[in-house]
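Chains A and B, in that order, are what the protein sequence lines are.
Following my numbering, the numbering of the first sequence begins with 951 at its first residue and continues without gaps.
Following my numbering, the numbering of the second sequence begins with 951 at its first residue and continues without gaps.
Built from N, CA and C at the ideal position, the CB exists for glycine as well.
Bear in mind that the values here come from a model prediction, so they are computed numbers and not experimental data.
Below is one structure, written out as structure tokens, with a few remarks after it.
Protein chains: 2
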Amino acid sequence: MNITPTIDTFVQHFGEMGSRWGLNRTAGQICGLLFISENAMNADQIGDALGISRSNVSGGLKELQAWNLLRSVSIQGDRKDYFTTGDDVWEIARTLIDERRRREIDPTFSMLRTALLKEDVGEGNDYAVKRMQEMHDLLELVMGWVNEMQTLNSQRLQTLLKLGSGVAKVLDMTDKLSLRDAPDERSTSVTAQKPS
Amino acid sequence: MNITPTIDTFVQHFGEMGSRWGLNRTAGQICGLLFISENAMNADQIGDALGISRSNVSGGLKELQAWNLLRSVSIQGDRKDYFTTGDDVWEIARTLIDERRRREIDPTFSMLRTALLKEDVGEGNDYAVKRMQEMHDLLELVMGWVNEMQTLNSQRLQTLLKLGSGVAKVLDMTDKLSLRDAPDERSTSVTAQKPS
DNA sequence: CTAAAATTTCGGAAATTCCTGAAAATTCAA
DNA sequence: TTGAATTTTCAGGAATTTCCGAAATTTTAG
């Protein structure tokens, strides 16, 4: 693994960004390194390339495993474990989004659900309850959407993203043409949208 | 501000989650508190409600300001500053997403752009360059999409989310009907998806 | 089963982040 | 302008996180 200045910049940047992400610097660097490395690398090579201790590599790999970001490869005639990230950047992005949902949304969602189910939740705090309900509903919607996106393959996801807010236009068109494959939901929400 | 057990749980949870978010615990708590508080609160009230020092409140508020998450309110005949979050949860969510894009995607994107523009970027590392290019393209697409979503109002955004992957079905329909507002991209990607 | 190879765990040093009380700075009424 | 009210800054102690080297554990070839 020949570390050119450009690659070094890239890897270091991943180290910095790692911390904004719930990974520590080391895990970020490892992730960046494996991402741009053509071949799978073993722990010694990683530690060597990044100039960090063997045990630190171990911890970093463990953390990345917990994020489902690694694939381990066994090489014929070599006892060491070799690691890479996946080949498909879109697949990686999907994993990332899924893991972040799990860490950042799910806990809050279940906290809200639990709180809102409590009998004495009201107790003179109608506003607070209303707000929690609003947040709960928003999170439910977002989670559902994210889950649905996970079911699309990379190509289709790209198509959707490229279309961007153009989707809204398509929706308008389909409405005008009265094309409905889910009449109830769409018609209600679309009418709610323009109460005129 | 009457802190019921439920509200306390809520606020504490926000404190915990804050750290997974680039905020510190205090800022997270303040954010949670202001979110479920019907009335704007001043720094003393906040510090009092959360049991934290006045200077800590100051830092937390500053941080939340940097996230564009606060609205400050002046109350007639009171010199203190009063703070709330916005009324519309969707607006808050939008702000959050925008700020996270700014912090988590933009820097990586510009790093990649810079790196890929360097003359000597190749230098025997074709694979690394290819990967960086892939990531660059992905981020560009995601950023564009996020920006477009920001242009939609809350109602329309909800409609889109509710539709979820149903959008893909709508796309298929429009393809069948030869309705195209962006013919080149859509037709190519959709055919690529099913090469049969 | 044994022994070498490889990996993980663990204690503690170093670095970073968090939080407070005190002091400085700012704002505003009079 | 003065002075009280309010907010911000700052130094340093507390708490947390990161990281290393050594020791313990696991794995596997022979």
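Check whether residue i and residue j have beta carbons under 8 Å apart
i	j	result
M1082 (chain A)	L1107 (chain A)	no
E1084 (chain A)	V1039 (chain B)	yes
F960 (chain A)	G978 (chain A)	no
V1023 (chain A)	A993 (chain A)	no
I996 (chain B)	N1075 (chain A)	no
L1111 (chain A)	W1095 (chain B)	yes
I1055 (chain B)	V1079 (chain B)	no
D1048 (chain A)	Q1100 (chain A)	yes
Residue i versus residue j - alpha carbon distance
i	j	result
I953 (chain A)	R1052 (chain B)	29 Å
S1008 (chain B)	W1017 (chain B)	14 Å
E1041 (chain B)	N1097 (chain B)	14 Å
T976 (chain A)	G1010 (chain A)	6 Å
G1116 (chain A)	E966 (chain B)	38 Å
L1019 (chain B)	L1046 (chain B)	8 Å
M951 (chain A)	R1029 (chain A)	20 Å
D1134 (chain B)	L1062 (chain B)	Summary for D1134 (chain B): the model assigns pLDDT 44, below 50, so the residue's position carries little reliability; its value from the coordinates is reported in the next sentence. So the alpha carbons of these two residues sit roughly 27 Å apart.
Q1015 (chain B)	S1060 (chain A)	28 Å
T1058 (chain A)	I1002 (chain B)	23 Å
E1073 (chain A)	R1021 (chain A)	51 Å
D1037 (chain B)	T1109 (chain B)	20 Å
D1070 (chain A)	Y1077 (chain A)	14 Å
K1068 (chain B)	D998 (chain B)	54 Å
G972 (chain B)	G1027 (chain A)	44 Å
N1006 (chain A)	Y1032 (chain B)	46 Å
Q962 (chain B)	L1000 (chain B)	9 Å
P955 (chain A)	N974 (chain A)	22 Å
L1088 (chain B)	F985 (chain B)	34 Å
R1050 (chain A)	R1050 (chain B)	13 Å
K1119 (chain B)	K1119 (chain A)	15 Å
H1086 (chain A)	H1086 (chain B)	34 Å
R1004 (chain A)	R1004 (chain B)	44 Å
Outcome for residue i when other beta-carbon atoms lying within 10 angstroms are tallied against a minimum of 16
i	result
S987 (chain A)	buried
R1176 (chain A)	Absent from the structure is residue 1176 (chain A), since the part of chain A shown begins at 951 and ends at 1146.
E1013 (chain B)	buried
T1064 (chain A)	exposed
S969 (chain A)	exposed
T1035 (chain B)	buried
I980 (chain A)	buried
I1025 (chain B)	exposed
N1103 (chain A)	exposed
G1114 (chain B)	buried
heavy atom of the ligand GTP below 7 Å from residue i C-beta
i	result
T959 (chain B)	The ligand GTP is not part of the structure shown, which contains no ligands of any sort.
* Asked: What are the uninterrupted segments assigned as beta strand (DSSP E) that are 3 or more residues long and contained completely in the segment 974-1028 of chain B, given in chain order?
  -> Counting only runs that start and end inside the segment 974-1028 of chain B, the beta strand (DSSP E) elements of at least 3 residues fall at 1021-1024.
* Asked: Unbroken alpha helix (DSSP H) runs of length 4 or more, entirely within the segment 1035-1059 of chain B: which are they?
  -> Correct list: 1039-1050.
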